[in-house]
Amino acid sequence: MTIKLFIPITKFLVYGAATYLVFGPLLRLSSAQLLAVSGLLGAALGFGLRDLFAGVVGGLLLVTERPYQVGDKVEIDGDYGEVTGIGLWATTLTTPDDTVVRVTNASLFTSNVANANDGNPEMMVVVDVAVAPGADIDRATGIVEDALVTSRYVYVDDDHPVVVLVEDETYYRTIRGKAYVADLRDEFAFASDVTERTLAAFEAQGIETPTFPGVGVVDDGDG
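In the working numbering, the protein residues as written are 252 to 474.
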């Protein structure tokens, strides 16, 4: 791992020395000019080493502190996904849309790290469903809770309860369901299952979902 990190630097030094040996005599650079060029190259290399050093120190911090491990669902510097690789310089995440993101380990010094499961196979999943302000909130929360506890993906015990909260917004009310899945890989399957069955039950029982001002209104230009 360390050897791979220093290969680009070694190449830079070798190519730089070769360029100097070949073009130095041809260009007939003075001592002052050679000193200036050396200073610029040294500064450029210094900046590169600074970033590399910060990433390596972050990698060492991962080994000692272990804020996450391969398989965890984390958010680092605004990127959320499953940790699929931890290197000396960077951590590899696979996002929900199957995009591979490499986050430098130096981010540990500048960003918060949120770990959804902290090494455990189970994790909490939050499902939000909106209802109209005048909807029967007791019936609606009961439907959401039923959808949560009857999902085939849910994991419930004394330490992993199902929680349903209600939050008032400007044009609607949000019913927020919180429950755990037994396998963190079922995060999105669980959320889709609960949402789909909740909305179907809302429609069957006449629970109104919100409408927003201006949505669905088309101006045909006739005044």
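Quick reminder that beta carbons are idealized off the backbone N, C-alpha and C, glycines included.
Anticipated Cβ contact below 8 Å, Val364 with Ile388, distance rounded: Along the sequence shown, one-based indexing puts residue 364 at 113. Along the sequence shown, one-based indexing puts residue 388 at 137. Contact doesn't hold; Cβ gap of about 36 Å is too wide.
Touch test, the stretch 331-349 against the stretch 370-390, Cβ-Cβ under 8 Å, three pairs minimum: Touching, no.
Glu459 - DSSP class collapsed to helix/strand/coil: If you number the sequence shown from 1, residue 459 lands on position 208. Reduced to three states, the DSSP call for Glu459 is coil.
Neighbour-count burial assignment, Ser358, 16 or more Cβ in a 10 Å radius: Locating residue 358 in the sequence shown gives position 107, counting from the first residue. Flag for Ser358 reads buried.
Spatial distance of Lys429 from Tyr422 (CA atoms): By 1-based counting over the sequence shown, the position of residue 429 is 178. By 1-based counting over the sequence shown, the position of residue 422 is 171. Cα to Cα, Lys429 sits roughly 23 Å from Tyr422.
Closest residue to Thr425 among Ala452, Thr392, Ala367 (Cα-Cα distance): Mapped onto the sequence shown, residue 425 falls at position 174. Residue Thr392 is the option with its Cα nearest to Thr425.
Beta-bridge pairing of Leu399 - partner residues as DSSP gives them: Locating residue 399 in the sequence shown gives position 148, where the first residue counts as 1. In the DSSP output, where bridge partners are listed per residue, Leu399 has none listed.
Integer Cβ distance of Val407 from Val400, believed to fall under 8 Å: The residue labelled residue 407 in the question sits at position 156 within the sequence shown. The residue labelled residue 400 in the question sits at position 149 within the sequence shown. Indeed they touch by this definition, with Cβ atoms about 6 Å apart.
Short Cβ contact (8 Å threshold) for Asp432 with Glu373: Counting from one through the sequence shown, the residue named residue 432 turns up at place 181. Counting from one through the sequence shown, the residue named residue 373 turns up at place 122. The sequence shown places Val at residue 432, not Asp. In contact: Val432 and Glu373 (Cβ atoms closer than 8 Å).
Cβ separation of Asn371 and Val325, assumed to be a contact under 8 Å, to the nearest whole Å: To locate residue 371, count along the sequence shown from 1; it is residue 120. To locate residue 325, count along the sequence shown from 1; it is residue 74. Not really, about 13 Å apart at Cβ, beyond 8 Å.
Gly322 classed as buried or exposed, judged by whether at least 16 other C-beta atoms fall within 10 angstroms: Reading the sequence shown from its first residue, position 71 is the one you call residue 322. Result: exposed.
Presumed contact (8 Å Cβ cut-off) between Pro318 and Gly332, rounded CB distance: Locating residue 318 in the sequence shown gives position 67, where the first residue counts as 1. Locating residue 332 in the sequence shown gives position 81, where the first residue counts as 1. The Cβ separation is near 15 Å, so there is no contact.
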